[in-house]
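One structure below.
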Amino acid sequence: MNFKTIIAGLLLGTLFSCSATSQVNQKTTVKTPKPIQLFNGKDIKDWTPKIRLHEVGDNYANTFRVEDGLLKVRYDGYDDFNQQYGHLAYNNPYGYYVLRLEYRFVDEQTKGGEGWAWANSGAMLHGQDPKTMLKDQDFPISIEGQLLGGNGKDERTTSNLCTPGTNVVIDDKLFTPHCLSSKSKTYHGDQWVTAEFVVLGDSLIQHVLDGQVVLQYNKPQIGGGNVDPVDPKVKQDGKLLDKGFIYLQSESHPIDFRKVELYDLESYKGDKQKLDQVVKSILNK
């Protein structure tokens, strides 16, 4: 082996070493974004209520309120629930993010609530603009991460999927039924539960509990029923949903939220490696 060959080999080895070091450094320098506190612990000024039979912005009977540092859903001002389904929309839409909620069901269901709505609430993802909802519309067109509580004895999964005015794709097939149970355990009573939702535009949505994916799907899109009435100009069946508004739900059972935070992943969506790394880092927190 001559001198030139040795030098070339050393240079090549140095390049590979630098490349490997660069890749390691690239991995270690990807910073996890700081969470945006959608609920600031003080008020709901950054949110818009939309309650069925009431105008957008009318927080009927103080349904959504902040007390003791908690965002509460209450019905002490209702004579009867009367299918006045309520939704509280955060004012800024998002497309790529991890949403983390800490919630608990408390007290008793209010008079007039349906049986299925006992210990039932939800986080609505990729929702329509609340300003486009009709006065008597029951639910926003959205993907619902359904939140359910247990009764102390029976099994009842949470972080399920419901689809008001939407469909999704599961295992390359269009899923059109209204709801699908996750594979979560049951969370009984008034214990605090942390639910996370990984939302990556229209490419992937995952429901996560205790660090485990309990449900996932892709290609969320407008379609199907289970929302009424609705403006036909808004309900464009087949349109993929790659961003939208986040709502918290009021369905007749009191619920508390002590944390509603979001990690905005928009800046990572063009780099799958970084995106995967950041999501993993967030879920490990």
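According to mature numbering (1 follows the signal peptide of the UniProt record, and there is no 0), the sequence shown holds residues -22 to -1, 1 to 263 in order. Glycine included, every Cβ here is placed at the ideal spot set by N, Cα and C.
Query	Result
In the structure shown, what three-state DSSP assignment does Ile260 receive?	helix
Going by DSSP in three states, Asn98 sits in which element: helix, strand or coil?	strand
Whole angstroms are fine: how far does the CA of Leu31 sit from the CA of Lys113?	5 Å
Please report the straight-line C-alpha distance between Lys263 and Pro210, rounded to a whole angstrom.	42 Å
Please classify Trp94 as buried or exposed, where buried requires at least 16 other C-beta atoms within 10 Å of its C-beta.	exposed
Helix, strand or coil for Asn138, going by three-state DSSP, please let me know.	strand
Measure from the alpha carbon of Lys258 to the alpha carbon of each residue in Lys50, Val176 and Pro232, then state which is nearest.	Val176
Does the beta-carbon of Trp170 have 16 or more other beta-carbons within 10 angstroms, so that it is buried, or is it exposed?	exposed
Since Tyr53 sits in a beta bridge, which residues does DSSP pair it with?	Paired residues: none, contrary to the question.
Tell me which residue opens and which closes the beta strand (DSSP E) that Gly179 is part of.	Counting along the chain, Gly179 falls outside any beta strand (DSSP E), and DSSP gives it neither H nor E.
Count the other CB atoms, across all protein chains shown, that sit within 10 Å of the CB of Arg227; report buried if there are 16 or more and exposed otherwise.	Note that residue 227 corresponds to Gln in the displayed sequence, not to Arg. The residue in question, Gln227, is buried, as its Cβ has 16 or more Cβ neighbours within 10 Å.
Strictly by DSSP, which residues pair up with His166?	Gly128
Distance, Cα to Cα, Glu186 vs Ala39?	The amino acid occupying residue 186 in the given sequence is Val; Glu does not appear at that position. Going from the Cα of Val186 to the Cα of Ala39 covers about 33 Å.
Would you call the CB atoms of Ile233 and Phe117 closer than 8 Å?	no
Hey, quick one: how far does the beta strand (DSSP E) through Asp193 stretch, first residue to last?	Asp is not the amino acid found at residue 193; the sequence shown has Leu there. Gln190 to Ile200 is the span of the beta strand (DSSP E), which, as asked, contains Leu193.
What does DSSP give as the partner residues of Leu219 in its beta bridges?	In the DSSP output, where bridge partners are listed per residue, Leu219 has none listed.
Pick helix, strand or coil for Leu226, following the three-state DSSP scheme.	strand
Please report the straight-line C-alpha distance between Gln184 and Leu240, rounded to a whole angstrom.	15 Å
Going by C-alpha to C-alpha distance, which of Pro13, Met102 and Gln61 sits closest to Leu223?	One detail in the question is off: residue 223 reads as Phe in this sequence, not Leu. It is Met102.
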